[in-house]
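Enquirer: Right, I'll just put the structure down here and ask away after.
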Amino acid sequence: MNPSAPKTAATAQALSKSWRAPSLRRRMACWLYEGTLLFGVVVLPGLVFGIVTNTRHALDNRHGLQALIFGVLALYFSYFWVKGQTLPMKTWHIRLMDRTGQPVRWPRAMWRYLLAWVWFLPPLAAMAPFKLSTGEVSVLMTGWILVWALSSRLRRDQQFWHDAWAGTRLIDVQPDPARRRQ
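If you count the sequence shown from 1, position 179 lands on 219 in this note's numbering, and the numbers rise without skipping.
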């Protein structure tokens with residue numbers, strides 16, 4: 041158990057006022073940094089998959105590769121969320137915890153991972169029935185991400201909706217300005 045974590049619901053409620061959500065700008069910068077790092081996370085499993093399955097064309101075995109990457113990303117995010125931060129979250133001084141201030145456990149981390157797909161699935165789901173081109177999906181995806189990110193401003197705690205649904209919260213853990221100068 042984390043000794044610095046609140047012991048009771050009343051203590052958690054009192055401390056929750058100091059658990060300020062990071063600014064939307066910082067969360068989205070962290071999100072973009074995370075996306076960049078994910079190329080490194082998936083390239084080795086993708087290469088090994090291609091070698092093991094003797095895949096010579098990108099469209100061959102694509103569903104198997106997609107399932108593998110989905111699983112690799114689930115493990116990557118869940119592992120680091122259980123520890124509190126991914127590398128980009130650490131860089132941007134953002135920490136993940138549950139509603140009571142406790143570290144996130146594996147089931148909740150996996151649930152958060154599944155719910156986070158709401159960032160991508162609606163535009164991707166529109167692709168086939170409306171026969172959208174890649175460019176149209178890119179525009180739709182960008183618009184959806186902006187709308188979804190801005191929708192966090194509708195919540196009093198400024199958390200993303202998937203965090204609220206998962207029972208998690210992102211908190212600002214920037215060091216004090218006096219400590220940063222040292």
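The beta carbon of each residue, even a glycine, is placed where N, CA and C say it ideally should be.
Grab the span of the alpha helix (DSSP H) containing Asp-203 for me, first residue to last.
Expert: Per DSSP, Asp-203 belongs to the alpha helix (DSSP H) from 201-206.
Enquirer: When the Cα atoms are used, what is the spatial distance from Arg-66 to Asp-203?
Expert: So the two alpha carbons sit approximately 16 Å from each other.
Enquirer: For Leu-136, list the residues DSSP reports as bridge partners.
Expert: Answer by DSSP bridge pairing, in chain order: Leu-210.
Enquirer: Mind checking Pro-217: buried by the 16 CB within 10 Å criterion, or exposed?
Expert: Per the 10 Å Cβ criterion, exposed.
Enquirer: Along the chain, where does the alpha helix (DSSP H) containing Gly-175 start, and where does it finish?
Expert: Counting along the chain, the alpha helix (DSSP H) containing Gly-175 begins and ends at 174-190.
Enquirer: Helix, strand or coil, according to DSSP, for Gly-111 in the structure here?
Expert: Correct three-state label for Gly-111: helix.
Enquirer: Taking the beta carbon of Tyr-153 as the centre, do at least 16 other beta carbons fall within 10 Å, making it buried, or is it exposed?
Expert: By the 10 Å Cβ count, Tyr-153 comes out buried.
Enquirer: Quick check on Val-179: buried or exposed, where buried means 16 or more other Cβ atoms within 10 Å of its Cβ?
Expert: So Val-179 ends up on the exposed side.
Enquirer: Confirm, please, whether the CB-CB distance from Ser-191 to Gln-198 is below 8 Å.
Expert: No, they are not a contact pair.
Enquirer: Measure the C-alpha to C-alpha separation of Val-213 and Asn-94 and round it to an integer number of angstroms.
Expert: In a straight line, the C-alpha of Val-213 is about 46 Å away from that of Asn-94.
Enquirer: For a quick check, are the C-beta atoms of Ala-149 and Val-122 less than 8 Å apart?
Expert: Yes, Cβ-Cβ distance for Ala-149 and Val-122 is below 8 Å.
Enquirer: Please state if the CB of Trp-159 and the CB of Ile-185 are separated by a distance shorter than 8 Å.
Expert: Their beta carbons are under 8 Å apart, which means Ile-185 touches Trp-159 by this criterion.
Enquirer: Helix, strand or coil, according to DSSP, for Trp-157 in the structure here?
Expert: Three-state DSSP puts Trp-157 in a helix.
Enquirer: Which runs of the beta strand (DSSP E), 3 residues or longer, sit entirely within the region 61-90?
Expert: None, since the region 61-90 contains no complete beta strand (DSSP E) of that length.
Enquirer: Rounded to the nearest angstrom, what separates Ala-206 and Ile-91 at their Cα positions?
Expert: One C-alpha to the other measures close to 37 Å.
Enquirer: According to DSSP, is Gln-106 part of a helix, a strand, or is it coil?
Expert: In this structure, Gln-106 counts as helix in the three-state DSSP scheme.
Enquirer: Below 8 Å between beta carbons: does that hold for Leu-210 and Ala-61?
Expert: Yes; because the gap between Cβ atoms is below 8 Å, this pair is in contact.
Enquirer: How far does the alpha helix (DSSP H) with Leu-99 in it extend, from its first residue to its last?
Expert: Neither: Leu-99 is in no alpha helix (DSSP H) and is coded neither H nor E.
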